[in-house]
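Peer 1: If you read the sequence shown in the working numbering, its first letter stands for residue 1, the second for the next number, and so on. Take this structure, written in structure tokens, and hold onto it; I'll ask about it next.
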Amino acid sequence: MASDTAVSRADLLEQWVAAFGQAPPPYLSIPFMSKALAYQAQCKRAGGMSAQTCRALQQIASGKSVKDVPMNPNKVGTHYVREWNGRTYQVAVVNGGYEMDVRIWPSLSAIAKQITGTTWSGPRFFGLTKVRSTAA
């Protein structure tokens with residue numbers, strides 16, 4: 001995009017409508033519109049926001065707080081390590097689940113159950129969630 005001074009307000013208004021599908025508020029400055037359009041173009045090239053971010057923004061717009069929006073820290077490539085009864089277990093997040101011992105598992109909870117022999121919250125077992133205090 002050209003510098004702020006090289007683009008007329010009329011050109012920016014036209015670009016804004018093309019990018020966002022509606023006219024901008026009348027009080028927006030030329031530098032602001034130029035930066036917003038550059039950001040929009042960058043998002044479009046990079047694929048935009050993640051689905052998780054879009055869900056979080058929709059929740060916030062509907063009046064819920066950010067902490068009410070579940071966030072998924074399990075990005076492909078993430079590794080979790082847990083020691084249990086003297087053995088170290090390593091889990092990798094892969095497309096379609098979690099890999100441990102050359103096997104793909106559907107959830108961390110399934111892995112935790114395999115390791116311990118009892119039902120566990122997988123995220124809690126791997127230290128991804130905080131244990132709630134029982135003190136009053």
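Backbone N, C-alpha and C fix where the C-beta goes; we use that ideal spot for every residue, glycine too.
Does Val102 come out as helix, strand or coil in the three-state DSSP assignment?
Peer 2: The sequence position of residue 102 within the sequence shown is 102, counting from 1. Three-state DSSP puts Val102 in coil, outside helix and strand.
Peer 1: Using CA coordinates, which residue listed in Met49, Asn85, Leu13 is at the minimum distance from Leu28?
Peer 2: Position 28 of the sequence shown, counted from the first residue, corresponds to residue 28. The option with the nearest alpha carbon to Leu28 is Leu13.
Peer 1: Starting from the Cα of Arg87, find the closest Cα among Ala10, Ala46, Thr116 and give me that residue.
Peer 2: Start at 1 with the first residue of the sequence shown, and residue 87 comes out as number 87. The shortest Cα separation from Arg87 among Ala10, Ala46, Thr116 belongs to Thr116.
Peer 1: DSSP three-state label for Trp16, please.
Peer 2: Taking the first residue of the sequence shown as position 1, residue 16 is located at position 16. Residue state, collapsed to three classes: helix.
Peer 1: For Glu83, collect the residues of the same chain with a Cβ closer than 8 angstroms to its Cβ; drop the 5 residues on either side in sequence, then sort them by chain order.
Peer 2: Residue numbering aside, residue 83 sits at position 83 when the sequence shown is read from its first letter. Once the five neighbours on either side are set aside, the close Cβ partners of Glu83 are Tyr89.
Peer 1: In angstroms with no decimal places, state the Cα-to-Cα distance between Gln114 and Gln52.
Peer 2: Within the sequence shown, residue 114 is the residue found at index 114, counting from 1. Within the sequence shown, residue 52 is the residue found at index 52, counting from 1. Near 29 angstroms, if we compare the C-alpha coordinates of Gln52 and Gln114.
Peer 1: Going along the chain, which residues of its own chain have a beta-carbon closer than 7 angstroms to the beta-carbon of Ala19, five neighbours each way excluded?
Peer 2: Here residue 19 refers to the residue found at position 19 of the sequence shown. Here the set comprises Leu37, Gln40.
Peer 1: Go ahead and pull the three-state DSSP assignment for Gln90.
Peer 2: Taking the sequence shown and counting its residues from 1, one reaches residue 90 at position 90. Three-state DSSP puts Gln90 in a strand.
Peer 1: Which same chain residues, not among the five before or five after Val81, have their C-beta less than 6 angstroms away from its C-beta?
Peer 2: In the sequence shown, residue 81 corresponds to position 81, counting from 1. The answer, listed in chain order, is Gln90.
Peer 1: What did DSSP end up calling Gly77 once you bin it into helix, strand or coil?
Peer 2: The residue given as residue 77 occupies position 77 in the sequence shown. If DSSP states are grouped into helix, strand and coil, Gly77 belongs with coil.
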